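Structure, as structure tokens:
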């Protein structure tokens, strides 16, 4: 089934519809987004919004050098007590496995997760947000992508092999297991931590060596060794997301969703992505760092809705809000029993198998089989095959069967949430201006401190930025861990400074700052790269070519429904001309007062995401360049897709472009003006003119003076 399309007729009406019956598999989240085709990629962690990694398949034996070799450590690996304890559990009665896979995600396939669910980080010591660990009885390997290679090299001990996913010859997790295990082994997973699609794909690949995938429902093996040191689950209260910022009330959203259920022949839908639950119910939470969401499932039926959440998180205000919208409360842990109950009642349940976890989908299928068995269905022998219990949507036709059946389609909430309404766009615009004011105050402060030779660490700088943001109205939290990287640390794409081991700021190298804020009315994400001294000619050329790519993408005009990957080359072409590139996508979707990374849209060199860009979508523009162990460069603004008037309208198709949301100066001293065209200089001068016009009324004193100095026009070419 294809991508969903959304139209908003009024602030109180929402229409959600699907353009085609065929479903294109696409990545939905990602920091520095990564789309994919399943025929070309394998998932390093599970779920639609979790990082899949492009690999080059290799039919022969593949050996990846362990991180110990890369660091040239000659000594034998020291015993890893966590690995030893984990392996001891493999032979426990009721478990009996030969390997165990530990993804990065929680039961909702979230990118950012609560500390108590950071199992992969606990077992490996690698704290990057994307990665999958695989442990056998005598080997341990970690897969991650190019954003985290340098970080993983530093954090993994010598017992672990670092698998640089996306590099030539690197196998997928399942290929590696097929290579290192003798045929006929058992591979264990926690089915709550894998999307159904990811689990099925894994099962299919390992079956080639007669391996069996074992669902360990009753215990997570990492939790078994983590025990009492595991942080407690979050229990912070929900809050109502005001209609001023939401733009559409809950009853209207649920009504439109129910229309989709009827059209699909479904009687209920399971919503498991946390931001989809929050968006649909106009609530926000505080369970996950940087993301205003709460751990919950939502089941919407034709005649009602049930929210599965811990009662202690629901305040009286939220209770009244939900009750007015016809939403009942159920315990968070009751989700599986409710799924089984729906099947027992003959309900056709809509399940997005790319995001709903394998435990839920498996429970529903098993309950369907039991239902058919009780009926004495003559087709019971066929029930073991998914097609016999699925409403077929291929080609748009449905095949009715007796008994309950799953409707396996992408969640209709995904696209509806991605296309922002007027109130959401207005909130994003307003929050970005306040954010820009905070950044102007911050940069004015930091520049003065550096010029005064004040010694500041990367962590102290990030903390000070938080202070400036916290003074702004409506500020709630950062939208991700601030990437504050001086010099060589800037080359670590998702670098997070550690107070115990971080660099001191100076004026001898580049400083990359990627940060964002969560406000009550919007979500921000911005990157600037600066030099407080004199950049080298090499740094200036690289910066200028990144800037040229940024400008080219910002100015793009394209037919409506153009997939983001078509535009990616615009951001890279200036680097390609001198043989340079970067190992991340160019743009990711951004939520409105929600997750800083959301889908389904993206702009990336990985061409599997066929989601067309639509008016109202918000996406980042963030090309970069990184020289390992030297410096990093990235320039990022957020953009809103808008309609563009063109002299022609070929084929009767409308054309789209971008409207800037981010208004913070780009450092002029980093630019090699001889490389810029007059059009590019005009773009930068016009941008800085807008920055001054929009942000200066919010400033005074040294910050206002800094903004004036940094928005002066460049001389024409």
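Numbering (the numbering used here), first residue to last: 897 to 1613.
Every residue, glycine too, gets a C-beta built ideally from N, C-alpha and C.
All figures in this text were calculated on a predicted structure; none of them were measured in a lab.
Exercise for the section: Determine the direct distance from the alpha carbon of residue 1014 to that of residue 1286, and round the result to whole angstroms. Expected result: A caution first: residue 1286 carries a pLDDT of 44, below 50, which makes its placement in the model too unreliable to give a value.
Practice task
Could you name each continuous alpha helix (DSSP H) segment of 4 residues or more that falls completely within the region 1085 to 1119, going from the start of the chain to the end?
Solution key: Entirely contained in the region 1085 to 1119, the alpha helix (DSSP H) runs reaching 4 residues are, in chain order, 1092 to 1102.
Problem - heavy atom of the ligand HEM below 8 Å from residue 1466 C-beta - result: For the structure depicted, the ligand HEM is absent and the ligand set is empty, with no information on it obtainable.
Practice task
Can you tell me which of the three DSSP states residue 1191 falls into?
Solution key: coil
Exercise for the section: Rounded to whole angstroms, what's the CA-CA distance from residue 1562 to residue 1484? Just pull it up for me. Expected result: Taking the straight line from one Cα to the other gives about 21 Å.
Handout entry: Contiguous alpha helix (DSSP H) assignments of at least 4 residues, all confined to the region 1493 to 1525
Key = none
Practice task
Ignore the nearest five residues each way along the sequence and tell me which others in residue 1081's own chain have a CB closer than 7 Å to its CB.
Solution key: 994, 995, 1107
Practice task
Have a look at residue 1064 and residue 1502 and give me their C-alpha separation to the nearest angstrom.
Solution key: 15 Å
Exercise for the section: Quick one: residues in its chain with C-beta nearer than 6 Å to the C-beta of residue 1332, no 5 flanking neighbours on either side, listed in chain order? Expected result: Contacts found: 1559, 1560, 1591.
Exercise for the section: Can you tell me which of the three DSSP states residue 1427 falls into? Expected result: strand
Handout entry: C-beta atoms of residue 1314 and residue 1169 nearer than 9 Å
Key = Cβ atoms of residue 1314 and residue 1169: not closer than 9 Å.
Problem - For residue 1558: DSSP bridge partner residues - result: Paired residues: none, contrary to the question.
Problem - Exposure of residue 1131, with buried meaning 16 or more beta-carbon neighbours within 10 Å - result: exposed
Exercise for the section: Using three-state DSSP, classify residue 1532 as helix, strand or coil. Expected result: strand
Problem - At least 3 beta-carbon pairs within less than 8 Å: the region 1346 to 1357 vs the region 1390 to 1397 - result: Verdict: yes, contact present.
Exercise for the section: Please go through the region 969 to 1035 and give each complete alpha helix (DSSP H) segment of 4 or more residues, from N-terminal end onward. Expected result: 977 to 986, 1015 to 1020
Exercise for the section: List the residues that DSSP assigns as beta-bridge partners of residue 1375. Expected result: Residue 1375 pairs with nothing; no bridge assigned.
Practice task
Verify whether the separation of the beta carbon atoms of residue 1016 and residue 1029 is less than 9 Å.
Solution key: In contact: residue 1016 and residue 1029 (Cβ atoms closer than 9 Å).
Practice task
Check residue 1037 in the structure and name its three-state DSSP category.
Solution key: strand
Handout entry: Those residues which DSSP pairs with residue 1422 across a bridge
Key = 1411
Practice task
With DSSP as the reference, please indicate the residues paired to residue 1397 in a beta bridge.
Solution key: 1394
Exercise for the section: State yes or no: is the C-beta of residue 1209 within less than 9 Å of the C-beta of residue 1223? Expected result: no
Exercise for the section: Sort 1414, 1301, 1248 by Cα distance to residue 1264 and report the nearest one. Expected result: 1301
Handout entry: Per-residue burial, residue 1493 [other beta carbons within 10 Å of its own, 16 or more giving buried]
Key = buried
Handout entry: Inter-residue Cα distance where the pair is residue 1141 and residue 1408
Key = 32 Å
Practice task
Return yes when the Cβ of residue 1471 is within less than 9 Å of the Cβ of residue 860, no when it is not.
Solution key: With the chain covering 897 to 1613 only, the question about residue 860 has no answer from this structure.
Exercise for the section: Whole angstroms is fine: what's the gap from residue 1144's alpha carbon to residue 1176's? Expected result: Spanning the alpha carbons of residue 1144 and residue 1176 requires a straight line of approximately 9 Å.
Practice task
State the Cα-Cα distance for the pair residue 1005 and residue 1376, rounded to the nearest angstrom.
Solution key: 17 Å
Problem - Sequence-distant residues of its chain with Cβ nearer than 7 Å to residue 1236 (five each side left out) - result: Excluding five sequence positions before and after residue 1236, the CB atoms of its chain that fall closer than 7 Å to its own CB belong to 1259, 1263, given in chain order.
Exercise for the section: Would you give the residue range spanned by the alpha helix (DSSP H) that residue 1170 belongs to? Expected result: 1170 to 1177
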